[in-house]
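Each residue of the sequence shown is one higher than the one before, starting from 66 at the first, in my numbering. All C-beta atoms in this analysis are idealised placements derived from N, C-alpha and C, irrespective of residue type, glycine included.
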Amino acid sequence: MGDHHEEQARQAVERFRDSLDDTARDHISAAQFEDLQQLIQQLLSRERSHIADLMAAIARSLRSGVDIPEIGL
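Structure, rendered in structure tokens:
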């Protein structure tokens with residue numbers, strides 16, 4: 066999934082870069098654009114992790130409500 070986040074971050078930075086006029090673009094270094102891309106990737110990963118934690122909590126909640134019949138072994 067990291068590649069997916071990397072691609073999403075790259076596209077976001079490209080769209081941002083394209084939205085800037087030449088003067089603004091000239092004031093932002095390639096390293097700063099790379100830092101922005103890494104920040105976006107990290108945020109996407111954190112959000113994915115948070116969603117996974119929420120899904121796990123939902124699964125636990127659903128399992129706790131399931132009656133498990135005893136088969137008397």
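Taking 9 Å as the cut-off, the Cβ atoms of residue 93 and residue 104 do not count as close. Measuring C-alpha to C-alpha distances from residue 82 to each of 95, 136, 130 identifies 95 as the nearest.
In the assembly as shown, residue 97 is an exposed residue. Its beta-carbon has fewer than 16 other beta-carbons within 10 Å.
Within a 10 Å sphere around the beta-carbon of residue 74 sit 16 or more other beta-carbons, which makes this residue buried. In this structure, the CA atom of residue 102 is about 13 Å from the CA atom of residue 68.
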